[in-house]
Every structure is written in structure tokens, then in C-alpha cells.
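Heads up, the thing below is written out as C-alpha cells.
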Amino acid sequence: MAPVHPLELSTIVLDSGVADEPVNRITNELSELADGLAMVESFSHSVVWDSGEGLMCFDASGAGSGRSVVESIRSWSTEPISHLVYTHGHADHIGGSFAFGADVEARGGRPLEVVGHRKVLDRIERYRTTNGWNVSINQRQFGGVRSEMGLELGENLQQFLPKGTLVPSTTFDHELEITVGATQIELHHARGETDDHLWAFFPRERWIFSGDFIIWNYPNAGNPQKVQRYALEWATALRRMIEQAPTLLVPAHGLPIEGEERIAGVLNDMATTLETLVHQVVAMMNAGETLDTIIHTVSVPQDLLAKPFLRPLYDEPEFVVRNIWRLYGGWWDGASSRLKPSPDSVLGAEISQLAGGPEVLIARALELMTSDLRLACHLADLAGWAAPDNVTVHEGRAAVYDARRRDELSLMAKGIFTAAARESKDVVKRASLGEL
Ligand SMILES: [Zn+2]
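Throughout the sequence shown, residue numbering follows my numbering, covering 1262 to 1697 in sequence.
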């Protein structure tokens, strides 16, 4: 059965407030959204507009999906691709660009104009110098879920950005106006999920292509393993979008949204949740509170978190709180002993000796699993640090982190806790093979 048209699904979900089927679909299928406008739902979507003088595409999807996205575009139009705009330089938005480049090359004619914010260039350079780090982050973040998302593994996991990734040929700092045929397109830079982000506005049609400013999940402003994000500037960008009174909004993840009122409602709720967090955190920082107190005090209203486009299934508010702290403060969390701490192994060994051995610690961790998983994880880590080769300890630690993963909602937390369980399972496996 063909999937429901994304605009139809979006209207049903937003008007009912209930999402009982996936809103982030990675089908690589193309849907027409308006005359001459289509989207391919993928790892990042590609939004395709037929300017009458070629196709202008917004985002290229990832390394594993770029080719399928181009195939879908080709099932819709045979026009040459004239422009590829990067909403930002994340790998799931530019990693598939080689497939767009290959399509243009195979057809001959005008070279492809690749457009992005100036800082996309810095990002591509940074991905080159930190390739190994980014590969390992993504293995942890998406560990065990990538294949479910229908992605090809392989080159993606060795090389964070494929070698043939296209570098922007046109860049800008603040705003860029492009005229294609008789149509004017505005590209607006704003920081939010990244420092190199843009959103596109078609003033005549009042269309906005928002990149990751809207992802149909709680805003990805907290990611524990990645560089700084900008919660308040993100909210400001959303409010600027509302001012344009868009009639159609197409994000790079999740569903497109139509109708001025519906769009404004979504943008306003998203901006509000970010502003609420920033204001709470900054007020507490100004009052001299520690990160520990802030983390365990600040919250987002449950009715906002229940919205079908704000569910904390990818990132989550607790991580955003930390990122706000890092933006306005420093990396030190305010606990004196953690300014210049002992090695984990030394701390683990000392606590374990006081408790009566690592087996006592892990037994208590297992007991705590039903009442306090946060605390159980602390004890499991201490036991693991104290006894890095101990099979009983690591069987227990794996069980604790498996339970923790099941208890969490966000993919980011699940990924990290899955990796922790895997570390311990690895110790048990090596011991059984006599490698320890
Ligand atoms: Zn993205």
C-alpha cells in the first residue's frame, strides 16, 4: 500500500494531536507538494523545485541514500539539476551530493551550482580533520538503529563524509537573494542546530524550506556528543519564520505542513519550548546555582513534550539544558572534585574497596535497577572501573545498561547506553574465549 501523502498525514496528525504512525519516514519516495514542487522523504529529505530553468534541490540526503533520492527525482522530472542548496553541512544533508553531481555530469550542460552558508566550508574541513571521531560518534549515536532506518552501512562508517561530497561554490554570510527565472528566493542564515544553517523563503509563494529548524522531534539542541548548539537563536529564527506568514513549510525531517495558522502554531510551540529552557537555565545560572541543581530542577511542560512534533525521541530537554550551560558558562559543572578529578579507575577501586569489593557494588546496582536506574548506572560504572576484566561485574553492568536503554525515550540516550552495555558484553565474550 502506498504511504499516505505527507501533507495529508501532517494535517491529520497536527489537527488531532495524535501521531499513531511514523512521521519521520525514510522511504526515498517522492511526493508532489504543489505545482512544480516535490519532496523525497529520506534520511534527510530533498526538496525539489522546478524553476522552469532547471531543478533547484534543497539538501542531498546522506551517503547511503543520495543515489535513491536522485532516482526518485528522475522519476518525476527529466529537467537538469541547476542548483543544490545545503540547509547546513551535516552529513545526512550533504553526504549524498556526489549522486547529484554524477547526475549533472552524466547529462552534460551547465555545471551544478552548490549553495551554502560560508561556515559549511569550515565544517567540511573539520569533518576531514576529525573523521575517526565522527565515525565513532555516529556508530554510538545510531548504534543498532541505522539498519532499521533502511540505510546502507559500509562506506558511511569508514568515511564520515564520502570523498565525492560537493563543496559549496556559492557562499554567503547573512542573507542571499537568488533569482532563478522569474522567481526570487531568499536564503537566511541563523544559528540553531548548527552554526552554518539557513532557511529558504519564497516570498511570492510564501514557502519556507526550513532544514533542521523543524525535525518533528524535540529540537536537536542538546546532542551530548557534538559541538555547541544555539537554543535561543534557534527560537529567534522560528519567530522570524512566523513573521513571513508562510503557507507551506517543508522541513528536512518529518512532514511538510500547510496552512498559515497550522504552521504558526507549530513554530510558536517549538520556539516556546526552547525559550522556556533558556530562560530557566540562565535565571538559575545568574542565581549562582550549579549544573547539578539546574539539571534536576529545570523542566519542560508535559503538554508541549506530548505534541507530535516535539516528542523527545531523538534529542531531549535534559541535554539541551547542558548545552545552554556550556554556551553561557564553561565546561566545569560546579562540583569541586570534578575540576581536576582522579582517574576513574582509581575512584572505582577506592569505592569498591570501601564497599567490600566490586561484586558488592554490582549486586547493589542490580538491586537498584527497579527503583533508580540513574544511581544503578553510577554503581555499575564504579564496579566496572574497579574490575575491568571481571565477568560477574560486566554481566551485571551489561544488564543495568540494557535496562537503562529500554527505559529511555531519546535515541541519543539509547545509543550511548547501548554502547555501554556492548562494552561490558565484549569483556564477557573475551573472557569466554580465554582472551583475558
Ligand atoms: Zn538533519
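A virtual CB, placed ideally from N, CA and C, is assigned to each residue, including glycine.
The residues L1516, P1517, I1518, in chain order, have a CB closer than 7 Å to that of S1271 in the same chain once the five nearest residues on each side in sequence are set aside.
Taking 8 Å as the cut-off, the Cβ atoms of D1311 and E1340 count as close.
Going down the chain, each residue whose beta-carbon is closer than 6 Å to a heavy atom of ligand 1 shows up: S1305, H1351, D1353, H1354, D1473, A1513, H1514. For T1551, DSSP records no beta bridge to any residue. Contact check between the stretch 1571-1582 and the stretch 1549-1560: three or more CB pairs, one atom from each, fall below 8 Å, which counts as touching.
Straight through space, the alpha carbons of S1343 and R1371 are spaced by roughly 7 Å. In the DSSP assignment, F1433 forms a beta bridge with H1378. With a cutoff of 8 Å on beta-carbon distance, S1693 and A1644 are scored as not near each other. Between R1667 and T1679, the CB-CB gap reaches or exceeds 8 Å. Here the alpha carbon of N1484 sits roughly 6 Å from the alpha carbon of D1576.
Minimum Cα-Cα distance from E1620 among the listed residues R1658, S1292, S1606, T1631 corresponds to R1658.
If you draw a straight line from the Cα of A1352 to the Cα of A1324, it is about 8 Å long. Its chain contains L1294, P1517, E1519 as the residues whose beta carbon lies nearer than 7 Å to that of L1268, once the 5 sequence neighbours on both sides are disregarded; these appear in chain order. Rounded to whole angstroms, D1320 and G1549 show a C-alpha spacing of 43 Å.
Pairing H1458 with E1696, the inter-Cα distance amounts to about 48 Å. With distances taken between CA atoms, H1540 lies nearest to W1586 out of P1512, W1586, L1499, L1566. Three or more beta-carbon pairs separated by less than 8 Å link the stretch 1526-1534 to the stretch 1481-1500, which places the two stretches in contact. Here G1618 is not near D1553, since their CB atoms are 8 Å or more apart. Around the Cβ of K1675, a 10 Å sphere holds 16 or more other Cβ atoms; the residue is buried. Using a Cβ distance threshold of 8 Å, I1503 and A1482 do not count as a contacting pair. Between the alpha carbons of Q1419 and G1425 lies a distance of about 14 Å.
Membership of H1450 in any alpha helix (DSSP H) is not indicated; the residue belongs instead to the beta strand (DSSP E) covering 1444-1450.
The criterion of a C-beta distance shorter than 8 Å is satisfied by P1569 and L1275. A direct Cα-Cα distance of roughly 23 Å separates W1468 from I1287.
Counting every other CB atom within 10 Å of its CB across the protein chains shown gives W1477 a total of 16 or more, marking it as buried. From the listed residues G1442, D1473, V1265, V1511, the smallest Cα separation to A1299 is found for V1511.
Going by beta carbons, F1470 and L1427 fall outside the 8 Å limit. Apart from the 5 residues on each side of it in sequence, V1309 sits with its Cβ closer than 6 Å to the Cβ of A1299, L1316, C1318, I1334 in its chain, given in chain order. S1322 has its alpha-carbon roughly 7 Å from the corresponding atom of S1303. Our two residues, F1474 and V1607, have alpha carbons roughly 43 Å apart in a direct line.
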